[in-house]
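I have placed the structure first, in the form of structure tokens, so that the comments after it can refer back to it.
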Amino acid sequence: MGIYHLNHAEDAIISFGQGCEGEPSLQYENISAAIKKIREKTLRGQININTNAGFTFGIKKIVDSGLNSMRVSIISANDENYQKYYRASYNLDAVKDSIRYALAKNINVSLNLLYMPGFNDRTSEFAAWKNFLADLPVQMIQIRNLNYDPDEFFKIMPRDKDFMGTKEFLRELKNFSAIGNFSHYLA
Numbered sequence: 000m001g002i003y004h005l006n007h008a009e010d011a012i013i014s015f016g017q018g019c020e021g022e023p024s025l026q027y028e029n030i031s032a033a034i035k036k037i038r039e040k041t042l043r044g045q046i047n048i049n050t051n052a053g054f055t056f057g058i059k060k061i062v063d064s065g066l067n068s069m070r071v072s073i074i075s076a077n078d079e080n081y082q083k084y085y086r087a088s089y090n091l092d093a094v095k096d097s098i099r100y101a102l103a104k105n106i107n108v109s110l111n112l113l114y115m116p117g118f119n120d121r122t123s124e125f126a127a128w129k130n131f132l133a134d135l136p137v138q139m140i141q142i143r144n145l146n147y148d149p150d151e152f153f154k155i156m157p158r159d160k161d162f163m164g165t166k167e168f169l170r171e172l173k174n175f176s177a178i179g180n181f182s183h184y185l186a
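Under numbering that gives the first Met the number 0, the first residue of the sequence shown carries the number 0, and numbering increases by one thereafter.
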């Protein structure tokens with residue numbers, strides 16, 4: 000199906016991992032094998048993965064199999080806040096390592112920035128993003144409205160009075176990367 004789509008559709012993209020299927024890099028053996036089979040038949044189109052990028056070993060295997068683009072879901076560039084939200088067995092450094100590897104292999108990397116007003120637009124969060132993006136110059140940041148109960152969210156992420164506001168945050172973020180809302184076909 001993927002081969003047919005890539006060979007026939009205009010600006011064709013196929014993607015592994017759409018948010019509700021679990022972390023695709025944990026299935027790196029299957030995904031790598033699928034990408035290799037597809038690329039044996041066609042070089043047309045774009046192969047993408049949507050990931051949390053926390054399993055760097057799996058990401059490396061998938062990147063090396065012929066991936067074109069990777070979109071990483073992320074809420075914070077601050078280690079402590081990242082861990083508070085995700086409560087994962089991996090840490091933000093693993094995510095950075097995955098992104099760094101993909102960028103070094105000329106993979107187009109974008110971020111799905113999970114956005115909550117009053118959190119992401121804190122000046123401390125923006126400072127962390129400046130450092131993150133200076134080190135890892137991703138091609139695009141896709142803003143995703145975090146559809147989450149704000150009262151519950153701010154129980155985990157206490158409010159901070161020092162924030163920029165959404166418009167200023169996005170305006171400043173544009174100095175580091177393109178801001179978008181969906182994946183674009185790579186010409």
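The C-beta atom is built at its ideal place from N, Cα and C for all residues, glycine as well. Remember, it's a predicted structure, so these values are computed and weren't measured experimentally.
query	result
Buried or exposed by the 16-neighbour rule on C-beta atoms within 10 Å, applied to glutamine 17	exposed
The stretch 22-29 in contact with the stretch 45-64 per 3-pair CB rule at 8 Å	yes
8 Å contact criterion, which serine 190 and asparagine 77 should meet: CB distance rounded	With the chain running from 0 to 186 in the structure shown, residue 190 is simply not present.
Contacts around alanine 127, its chain only, beta-carbon distance under 6 Å, and the 5 residues preceding and following it disregarded	Ala76 and Asn77
Length at least 4, wholly inside the stretch 92-160: the alpha helix (DSSP H) runs in chain order	122-134 and 149-155
Distance between beta carbons of valine 71 and isoleucine 98, contact taken as under 8 Å	6 Å
CA nearest to the CA of histidine 7, picked from Ser14, Arg43, Asp161 and Lys160	Arg43
Residue interval of the beta strand (DSSP E) (run including phenylalanine 175)	Taken as a continuous stretch (DSSP letters only), phenylalanine 175 belongs to no beta strand (DSSP E), as it is neither H nor E.
Boundaries (first-last residue) of the beta strand (DSSP E) holding arginine 70	68-73
Assigned secondary structure, phenylalanine 54 (DSSP; H/G/I helix, E/B strand, else coil)	coil
Bridge-paired residues (DSSP) for serine 14	Asn47
Per-residue burial, tyrosine 147 [other beta carbons within 10 Å of its own, 16 or more giving buried]	exposed
Inter-residue Cα distance where the pair is tyrosine 3 and alanine 33	14 Å
Rounded separation between isoleucine 30 and glycine 65 - CA only	10 Å
Cα-Cα separation, lysine 35 to leucine 172	36 Å
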